[in-house]
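Read the structure below first, then the notes.
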Amino acid sequence: MAEPMRIRAKLNGDTVEVKVLIRHDMETGKRKDPSGKVIPPHFIKTLIAKCKEKTVLDTVMGISVSKDPFLSFKFKGGALGDKVTVAWVDNTDDTRTDEATIS
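In short: position in the sequence shown from 1, add 21, done, that's the working numbering.
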């Protein structure tokens, strides 16, 4: 099971700023371990963020994204107390969904 994401969502005027730290190895499949064996690819394929069941961010990722990626994005339409839900799926079909309350 993947570690929880750290999500912060803050309302500034009419715009919500969301910051997400994702704990994930993001292996490319091109590195080798100390014994010379190739480390298999393991990376996030898609990430979706929603607020009030409306998609506010829809991304496609790949092997070029660094380990433990950090995302920051803004959207309009959120209010204090609303929940922002962030979910990802990786190439091994592992998933993680977490949420934060807009403050």
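We treat Cβ as the ideally placed atom computed from N, Cα and C, and that holds for glycine.
Look at S124 here: in three-state DSSP terms it is coil, with no helix or strand label. Around the CB of P61, fewer than 16 other CB atoms lie within 10 Å, so the residue is classed as exposed. Inter-residue distance for C72 and G50 is about 34 angstroms (C-alpha atoms, whole angstroms).
Going by DSSP, A108 is part of the beta strand (DSSP E) stretching over 104-111. In the structure shown, A100 falls within a coil segment according to DSSP collapsed to helix, strand and coil. Taking R27 as reference, the option from R52, P90, A100 with the minimal CA-CA separation is P90. Nearest to I123 by C-alpha distance, out of V105, D115, T116, W109, is V105. Here the alpha carbon of I84 sits roughly 8 angstroms from the alpha carbon of H63.
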